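So in the numbering used here, the last spot in the sequence shown is 576, and the numbers never skip. We put the CB at the ideal spot given by N, CA and C, even for glycine. The structure displayed is predicted, hence computed values, not measured ones.
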Amino acid sequence: MMEISPELVPNPDAVSWISAVPPLGALCGSLAAGPLMQNLGRKGALLIAAPLFALAWAAVAFSPTTAYLVTARAACGFCVGLILPSAQVYVSECSHPRIRGRLGTLPAIFMAAGILVAYLLGYFFTWYRLALVSAAFPTALLLLLIPLPESPAWLRSRGKNKAADAAMDWLHLQPTAPQIELFTVTEVPKPPALPTPKENNIKHSKTKLRGPYSPSELFKKSVLVPFGIVLAILVFQQISGIDTIIFYTVSIFQASGSDIGEYEATIVVGVVQLLATIFSIFIIDRFGRKPLLMWSGVIMVVSMIALGYYFYLHERGRAFGLGSLPLISQMLFIAGFSVGFSNVPFILMGELLPSAQRSLLSSVSGAANLGSMFVVIKTYPDTVTVIGSEGAFWMYAGCSFVGCIFVYFLLPETKGKTLEEIEAIFEPKKPTRKEAEAEAAS
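Written as structure tokens, this is what we have:
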């Protein structure tokens, strides 16, 4: 971009802002996704985001100034923040447990396909023409959404049971799918005498306090524990350094001094990401979420250590004969990431979060994920300046290692379980009859 449009991208700092600002916009979009999903439905949120996304890409293409371009990129990110949690929750609530994992990988597959398409088109088109082509994809999303039903879970939460049944029939979820249990507030029976206005106000306040977003509900252990697990895994996904590979692939290859062309290498990395993500469809429900995250994390650690080691040798003039190591390391990292940490965290977001608070908590979790993405992308050039490329990649390897430990000790397996069974994992265990009798006797 600096070569084609120096008036828009005058220096490397402008490049870092143009690269990093979409996740910042996505953070805001993710926070807005929760209220939209809650009030307009999962499909409704997607119907709003799709046309806005197309307009944002058009704004990128016709940006007259750097500030306008950065703002348009932030708008693109805002739309991504709306779409990601909405799509993941929609898929989770519209699929049977037997295939929920495979369907849950589809957003990651299409994301990988989109990155590869951008790499390929970027090889042939200038950036502003690529932006115009990109506007076609959210337009297609809008058209594909129109015939789809709304989430049965959301419809039931609104008391639209007939519409929910019709949606489940359309999705072929009856009679095999379990009924989706949602948080409901039980009305207090009316007393025989007509209550006074003061009594009505008190009753209304108590009912509100018992709602799914009341402090008493949000700060339950059964809500905080799964939320904390999802939040941590989504942050580990980003601080693994994945977006330094995706956003700075060309720069990394240029800095490595490798004899492999940087643009060709970028396309190879994109192909590997897509193939590995597709492969994950066939293993996600066979091996489970936890093993995939563990193997994914181990591969990421090893590949980042290898990439850092190459730069360590390169800086000291001792990387002779290792020109292919940067490409191999990044291919291995992308493959490892794609079979686990790429899609499993978002599947867990739709599975672990309690149904009553899922809209809000998925929105906050997505915001944390995107905020972490912004920090990693924006700080990467400065990190390389301070501790060198090898230090940066070894730091990301350390973060992935900590993520593996977290998954091993704290993540429960959800493969094949219904959403109700998963919620029950975090509910307080009821004492057995013997335990209750012993406690009463004491």
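Inter-residue spacing [alpha-carbon to alpha-carbon] between residue i and residue j
i	j	result
L271	V194	Note on residue identity: the sequence assigns Phe, not Leu, to residue 271. Computed Cα separation, rounded: 15 Å.
I481	F387	32 Å
I217	R452	46 Å
L255	A265	10 Å
D303	L461	48 Å
S430	I539	12 Å
K296	E284	12 Å
I367	P479	6 Å
I415	A269	27 Å
F508	A301	37 Å
V541	M428	7 Å
G404	G178	32 Å
A410	H448	29 Å
F607	F361	This structure cannot speak to residue 607, because the chain is shown only from 135 to 576.
Y262	M171	32 Å
T199	A247	30 Å
Contact belief for residue i with residue j at Cβ below 8 Å, rounded distance in angstroms
i	j	result
A160	G211	4 Å
A167	S385	Contact doesn't hold; Cβ gap of about 31 Å is too wide.
Q371	F475	5 Å
T400	T383	5 Å
N503	V369	7 Å
Nearest residue (CA-CA) to residue i, options the options
i	options	result
F381	Q172, I511, G550 and L170	I511
G455	S291, Y444 and E524	Y444
G484	L275, S499, G470 and V155	S499
I249	F535, D516, V402 and F413	V402
L276	F540, G362, R232 and A183	A183
E547	D419, S348, A410 and P346	D419
A206	T239, P156, F416 and L365	P156
L494	G163, I152, A148 and S150	G163
V225	L553, F560, I559 and E561	L553
S150	K177, G178 and L203	L203
G375	Y257, P515 and L289	P515
G345	S472, I243, Q491 and T273	Q491
Three-state secondary structure (DSSP) of residue i
i	result
E398	helix
K551	coil
K340	Annotation note: pLDDT 49 at K340 (below 50); position unreliable, coordinate value reported separately. DSSP places K340 in helix when its eight states are reduced to three.
N477	coil
H448	helix
G293	coil
T260	coil
E333	The predicted position of E333 is uncertain, since its pLDDT is 49 and thus under 50; a value taken from the coordinates is nonetheless stated next. Reduced to three states, the DSSP call for E333 is helix.
F467	helix
A301	helix
P562	coil
F271	helix
Cutoff 8 Å: residue i Cβ touching any chain C Cβ
i	result
F540	The structure shown contains no chain C; it is built from a single protein chain.
Alpha helix (DSSP H) runs wholly inside the segment 479–549, at least 4 long, in chain order: Secondary structure in the segment 479–549: the alpha helix (DSSP H) runs of 4 residues or longer, each lying completely within the stretch, are 492–544 in chain order.
Beta strand (DSSP E) runs contained entirely in the segment 356–443, provided each spans 3 or more residues: Runs of the beta strand (DSSP E) inside the segment 356–443: none found.
Whole alpha helix (DSSP H) elements within the segment 226–252, 4-residue minimum: Look at the segment 226–252 and you find these whole runs of alpha helix (DSSP H), each 4 residues long or longer: 231–238.
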